[in-house]
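Below is one structure, written out as structure tokens; the observations come after it.
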């Protein structure tokens, strides 16, 4: 039998409770609509560009080079439907961990690209949003909770109400897999 407290809890309370807790850990909460991200974009482009310029001296010298990196990252996302989610995630993780290089236009050597500051984690831009929307083709999805690091969505959370004893974390995991990963794999 559920307690009165459990009966009064809803998804929004859980979302905002998590967002509030994360804000005390240096994450900045914002409404999805205020982030400047078109609903067709996976990335927070301003945050990605800022991080790429700040973490890569070769790009800091020529900020236009940030677009060369962004085009490589977008290519990984665009390839997910052909390459598969696991292969695309492995490639994207390699980029996130600084294990990829790029030869910038007009240069003759490959240079390592850094997207996250692992030496000084507090230097990264950390954002949390609730109700983030993403549209690709005819697919329109809303993610309950998204954690962004330097403009990259690294965590997607699906909330389920405790009010219905027939709905559990397994329903949330199934939703993420069937409705999100399969239909909008670019976000994952």
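In the working numbering, the protein residues as written are 1142 to 1329. Beta carbons are placed, not taken as given, at the ideal position from N, Cα and C, and that holds for glycine.
Taking a 10 Å sphere around the C-beta of residue 1190, we find 16 or more other C-beta atoms and assign the residue as buried. Beta-bridge partners assigned by DSSP to residue 1269: 1170 and 1288. Straight across, the Cα-Cα distance linking residue 1281 with residue 1275 is about 6 angstroms. The C-beta of residue 1192 has 16 or more other C-beta atoms within 10 Å across all chains shown, which makes the residue buried.
In terms of Cα proximity to residue 1177, the closest of 1240, 1248 and 1188 is 1188. Residue 1212 counts as exposed, since fewer than 16 other beta carbons sit within 10 angstroms of its beta carbon. For residue 1186, the three-state secondary structure derived from DSSP is helix. Within the DSSP secondary-structure output, residue 1296 pairs in a beta bridge with 1288. Of all C-beta pairs linking the stretch 1253–1266 to the stretch 1193–1210, three or more are shorter than 8 angstroms, placing the two stretches in contact. Taken atom to atom, the span from the alpha-carbon of residue 1179 to that of residue 1173 is near 10 angstroms. In the three-state scheme derived from DSSP, where H, G and I count as helix and E and B as strand, residue 1195 is classed as helix. As computed with DSSP, residue 1277 is found in a beta bridge with 1280.
Taken atom to atom, the span from the alpha-carbon of residue 1277 to that of residue 1328 is near 10 angstroms. When C-alpha distances from residue 1285 are compared across 1298, 1229 and 1279, the shortest belongs to 1298.
Collapsing the DSSP output to three states places residue 1248 in coil. For residue 1256, no alpha helix (DSSP H) segment is defined, and its DSSP state is neither H nor E. Per DSSP, the unbroken alpha helix (DSSP H) holding residue 1209 starts and ends at 1207–1219. Under the three-state reduction of DSSP, residue 1325 is assigned to coil, being neither helix nor strand. Each of 1229, 1295 and 1242 was checked against the Cα of residue 1265, and the nearest Cα belongs to 1295.
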